[in-house]
Amino acid sequence: MNSLTEHDKKNLSTRLKKIEGQIRGIQRMIDEEKYCADILTQISAVRGALKKVGLMILDRHTHGCVKRAIKNEEGDRIIDELMTVLTKFTE
973 MNSLTEHDKK NLSTRLKKIE GQIRGIQRMI DEEKYCADIL TQISAVRGAL KKVGLMILDR
1033 HTHGCVKRAI KNEEGDRIID ELMTVLTKFT E
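Numbered per my numbering, the sequence shown spans residues 973 to 1063.
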């Protein structure tokens, strides 16, 4: 079970579609042999946008799934899972 509301899903979907467009733009820039620094700037923007999406999902997970698991006395399990996810997310 996840903690995303319909509003969250719509917001995330909109953000991901924008990121998808940015990725296509980067591919086009490479095909058109654009200046490397400009391509790298766009890659940085995409990474930032993906990080924001990840942080939004992490926030909902923490305030929803983690909170619920702790109330159900599953705190150690969910905290271990959260730490694993955070480690992957911050690599």
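For glycine and all other residues, C-beta sits at the position ideal for the given N, C-alpha and C.
*Quick one: Cα of Gly-1026 to Cα of Gly-1047, how far?*
What you label residue 1026 is simply residue 54 of the sequence shown in a count that begins at 1. What you label residue 1047 is simply residue 75 of the sequence shown in a count that begins at 1. Going by the C-alpha atoms only, they are around 22 Å apart.
_Quick test of the definition: if touching needs 3 or more C-beta pairs under 8 Å, does the region 978-993 touch the region 1035-1044?_
no
_Restricting to Cα atoms, I'd like to know which of Tyr-1007, Gly-1020, Leu-1012 and Asp-1010 is closest to Lys-990._
The count along the sequence shown starts at 1 and reaches residue 990 at position 18. Between Lys-990 and the set Tyr-1007, Gly-1020, Leu-1012 and Asp-1010, the nearest pair of CA atoms involves Gly-1020.
_Within 10 Å of its beta-carbon, does Ile-1051 have 16 or more other beta-carbons around it, so buried, or fewer, so exposed?_
For this step, residue 1051 is matched to residue 79 along the sequence shown. Exposed, since its Cβ has fewer than 16 Cβ neighbours within 10 Å.
_Buried versus exposed, by CB contacts within 10 Å (16 or more), Ile-998_ = Position 26 of the sequence shown, counted from the first residue, corresponds to residue 998. Ile-998 comes out buried.
*asked:* Let me check understanding here. Comparing Cα to Cα, which of Lys-1043, Thr-1034 and Asn-1044 lies closest to Leu-1054?
replied: The count along the sequence shown starts at 1 and reaches residue 1054 at position 82. Selected option, being the one with the closest Cα: Thr-1034.
*How about Met-1001 and Gln-1014: are their beta carbons less than 9 Å apart?*
Against the sequence shown, residue 1001 aligns to sequence position 29. Against the sequence shown, residue 1014 aligns to sequence position 42. Yes, Cβ-Cβ distance for Met-1001 and Gln-1014 is below 9 Å.
*Alpha carbon to alpha carbon, what distance is there between Glu-1045 and Glu-1004?*
In the sequence shown, the residue the question calls residue 1004 occupies position 32. In the sequence shown, the residue the question calls residue 1045 occupies position 73. Going from the Cα of Glu-1004 to the Cα of Glu-1045 covers about 56 Å.
*Starting from the N-terminal side, write out each stretch of the alpha helix (DSSP H) that is 4 residues or longer and does not extend beyond the region 993-1053.*
1008-1033 and 1039-1043
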